[in-house]
Ligand code: ADP
Ligand code: MG
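Residue numbers (this note's numbering): 1 to 566.
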């Protein structure tokens, strides 16, 4: 439907045209006429369907010029980013209505400055419930002339524990008012708010076959425990998304992953609730402008972040809630573009969780194999060669000619120099590409025979490590069974494990870069006393008594329990 069929004033239509919206989205077409009539509305539609304009355009249109210095509309949003974003959009919507003055009010920012802004006569307030409450108590925000209150992302505000704040705010608002609520989902708590605070509300919803948008293709990858970062790196290298968002379940994981990706040379930054407002804003601006192209975030921090060009979403941790999955992947495939969502899972538990998500969302999530190291290297190599071809004759690196002549005068040929330089350049680009070795599955009894050697793992008693953590990690990373491993000796600073000699390379490779108990480890062949031990006797004899297979599983459980604590 066209915007000019909805009853919006001329000034607003002009602004909308300028922003570039051609047709109203379904939720806009349904909600705008009702809101303009002053009805209470409950709007339900998924992320990315244009809810901000659905309530923002009528809100801007509703401002009464006669009382332009009073707050007339209050919009509550769950996060600072959402509040800022919605406020920016309202400014655009009201570009041709100079007396409409939106103002964002959120925690973590200077309250004095907000007070000044309020005093200047803001008439649309967009804020987070906590800070709005704060201003009400300080008598710096007066709501006695309020005519409309809008709860944006109402479900998320309730999830975040804002219910009490919201109910308190509603007590300061005149009874004679319009109450509007927008939400991606309609859990029973929302319906409770609706029946308590709204008057004869009209529910407008957008039905959807699948709960995820069709413009997002969804894939998943199963990787060994402890290799998710490598897997993510591989996907980033292979697909080279221009802008991508990576989701983790905890702030801790966001920090850790950010650090790892930055160390590997990616332009990544983290976003979570513990960060100062200023650095959050900086990160978001850098991401919007493309200076950063990977944003690593928690669900709450990323809620509603509106960047249209995100072409890939990665679920590094599987979302803790089915709805979160929908919100996460809704960050891509927006505004008429397509996007991809990749979920990385490890272990059977996560596989089950993902299956549950697929059932809930009624979406196809397609299983894929990770790109191989060779694929990525071939791609990077082509890239280097293409660049060289483009630059030849462009004069861009012409300075090199002088250096080349110097080397040639020392007796090297141009071919030698060129080949070496290409080799160096390609190696630089591909050095950090991780390797995934197909797990070797051994038969039950192969572990007990043959020679063994010891490997040394850089965690010991000091790191509060237990044998089943070590065994669990070995089993996860190598794909071998608990029975393949022999005696585990834990020393203060390191641990040794007897492993079959024939598999030592594979084991060292597979263990490199993994983590045990959340701690990065180093592995190498053990060179200390008894390093030449060759398990002539029973490979598993001696040392701690344990049942190989069973403690292998315990190891895994131990690790996943620990992960939850992040
Ligand atoms: P929601 O709140 O439902 O998640 P937003 O209001 O954030 O969605 O809008 C998502 C994106 O779609 C924004 O970039 C917005 O500018 C854009 N958008 C909204 N309405 C339209 C429209 N009618 N035509 C084109 N793009 C639109
Ligand atoms: Mg929104």
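Ideal Cβ placement from N, Cα and C applies to all residues, glycine included. Fair warning: this is a prediction, and the values are worked out from it, not measured in the lab.
- Task: Please report the residue range of the beta strand (DSSP E) in which residue 521 lies.
- Result: Translated into the one-based positions of the chain shown, residue 521 becomes position 521. Segment: none, residue 521 is in no beta strand (DSSP E) and carries neither H nor E.
- Extent of the continuous alpha helix (DSSP H) run through residue 502: By 1-based counting over the chain shown, the position of residue 502 is 502. Looking at the DSSP string, residue 502 is not in any alpha helix (DSSP H), and its letter there is neither H nor E.
- Query: What's the call for residue 368, buried or exposed, on a 16-neighbour Cβ count within 10 Å?
  - Reply: In the chain shown, counting from the first residue as 1, residue 368 sits at position 368. So residue 368 counts as exposed.
- Query: Does the beta carbon of residue 155 fall short of 7 angstroms from some heavy atom of the ligand MG?
  - Reply: Translated into the one-based positions of the chain shown, residue 155 becomes position 155. No, the ligand MG has no heavy atom inside 7 angstroms of this Cβ.
- Return no unless some Cβ of chain C is closer than 8 angstroms to the Cβ of residue 342. Given the protein chain composition of this structure (a single chain), no chain C is represented.
- Query: Where does residue 13 sit, in a helix, a strand or coil, going by DSSP?
  - Reply: By one-based count along the chain shown, residue 13 stands at place 13. Helix, per DSSP.
- Message: Any heavy atom of the ligand ADP closer than 7 angstroms to the beta-carbon of residue 185?
- Response: Against the chain shown, residue 185 aligns to sequence position 185. The answer is no for residue 185.
- Query: So, are the CB atoms of residue 86 and residue 52 less than 8 angstroms apart?
  - Reply: Taking the first residue of the chain shown as 1, we reach residue 86 at position 86. Taking the first residue of the chain shown as 1, we reach residue 52 at position 52. Yes; because the gap between Cβ atoms is below 8 angstroms, this pair is in contact.
- Message: Using only CA atoms, which one of 249, 154 and 433 lies nearest to residue 265?
- Response: Indexing the chain shown from 1 puts residue 265 at position 265. Selected option, being the one with the closest Cα: 433.
- residue 152: CB within 7 angstroms of a non-hydrogen atom of the ligand MG: Translated into positions along the chain shown, residue 152 becomes position 152. In terms of side-chain proximity, the C-beta atom of residue 152 is found nearer than 7 angstroms to a non-hydrogen atom of the ligand MG.
- Message: Under DSSP, the alpha helix (DSSP H) around residue 347 begins and ends at which residues?
- Response: If you number the chain shown from 1, residue 347 lands on position 347. Start and end: 347-361.
- Message: Please classify residue 123 as buried or exposed, where buried requires at least 16 neighbouring CB atoms within 10 angstroms.
- Response: To locate residue 123, count along the chain shown from 1; it is residue 123. Classification for residue 123: buried.
- Query: Cβ of residue 514 within 7 angstroms of any heavy atom in the ligand MG?
  - Reply: In the chain shown, counting from the first residue as 1, residue 514 sits at position 514. No.
- Message: For the ligand ADP, is there any heavy atom lying closer than 7 angstroms to the beta carbon of residue 79?
- Response: For the purposes of this step, residue 79 is taken as residue 79 along the chain shown, with counting starting at 1. Every heavy atom of the ligand ADP is 7 angstroms or more from the Cβ of residue 79, so no.
- Query: DSSP on residue 298, reduced to helix/strand/coil?
  - Reply: Residue 298 sits at position 298 when you count from the first residue of the chain shown. The answer is coil: DSSP assigns residue 298 none of H, G, I, E or B.
- Indicate the three-state DSSP secondary structure (helix, strand or coil) for residue 427 in the structure shown. Locating residue 427 in the chain shown gives position 427, counting from the first residue. Looking at residue 427 - three-state DSSP - the assignment turns out to be helix.
- Closest by CA to residue 271, which one among 260, 263 and 287? In the chain shown, residue 271 corresponds to position 271, counting from 1. Cα-wise, what sits closest to residue 271 is 287.
- Task: Would you kindly work out how many angstroms separate the C-alpha atoms of residue 428 and residue 101, rounded to a whole number?
- Result: By one-based count along the chain shown, residue 428 stands at place 428. By one-based count along the chain shown, residue 101 stands at place 101. Taking the Cα positions, residue 428 is about 53 angstroms away from residue 101.
- Rounded separation between residue 226 and residue 510 - CA only: Numbered from 1 along the chain shown, position 226 holds the residue referred to as residue 226. Numbered from 1 along the chain shown, position 510 holds the residue referred to as residue 510. Straight-line Cα distance between these residues: approximately 10 angstroms.
- Ends of the alpha helix (DSSP H) at residue 376? Residue 376 sits at position 376 when you count from the first residue of the chain shown. For residue 376, the enclosing alpha helix (DSSP H) stretches over residues 373-391.
- Message: Less than 7 angstroms separating the Cβ of residue 29 from some heavy atom of the ligand ADP?
- Response: As a first step, residue 29 is located in the chain shown; it is residue number 29 there, counting from the start. No - the ligand ADP has no heavy atom lying nearer than 7 angstroms to the Cβ of residue 29.
- Message: I want to check one thing, is the minimum distance from the CB of residue 92 to the heavy atoms of the ligand MG below 7 angstroms?
- Response: The residue given as residue 92 occupies position 92 in the chain shown. Residue 92 Cβ: outside cutoff for every heavy atom of the ligand MG.
- Message: Only counting the same chain, and skipping five residues up and downstream in sequence, which positions put a Cβ closer than 8 angstroms to that of residue 524?
- Response: As a first step, residue 524 is located in the chain shown; it is residue number 524 there, counting from the start. Hits under 8 angstroms: 455, 456 and 508.
- Message: By the three-class DSSP mapping on this structure, what secondary structure does residue 560 have?
- Response: For this step, residue 560 is matched to residue 560 along the chain shown. Unreliable placement is indicated for residue 560, whose pLDDT of 30 sits below 50; the coordinate value is still reported in the next sentence. The answer is helix: DSSP assigns residue 560 an H, G or I state.
- Query: Considering residue 201, what are the terminal residues of the alpha helix (DSSP H) in which it resides?
  - Reply: Position 201 of the chain shown, counted from the start, is the residue given in the question as residue 201. Element bounds for residue 201: n/a, residue is neither H nor E.
- Item | C-alpha distance - residue 332 paired with residue 360, whole-angstrom precision | Here residue 332 refers to the residue found at position 332 when the chain shown is read from its first residue. Here residue 360 refers to the residue found at position 360 when the chain shown is read from its first residue. Whole-angstrom Cα-Cα distance: 19 angstroms.
- Query: Taking all protein chains shown into account, do 16 or more other C-beta atoms lie within 10 angstroms of the C-beta of residue 141, making it buried, or fewer, making it exposed?
  - Reply: Your numbering for residue 141 matches position 141 in the chain shown. Buried, because 16 or more other Cβ atoms sit within 10 Å of the Cβ of residue 141.
- Message: Tell me the residue span of the alpha helix (DSSP H) that contains residue 163.
- Response: Numbered from 1 along the chain shown, position 163 holds the residue referred to as residue 163. That run of the alpha helix (DSSP H) goes 163-171.
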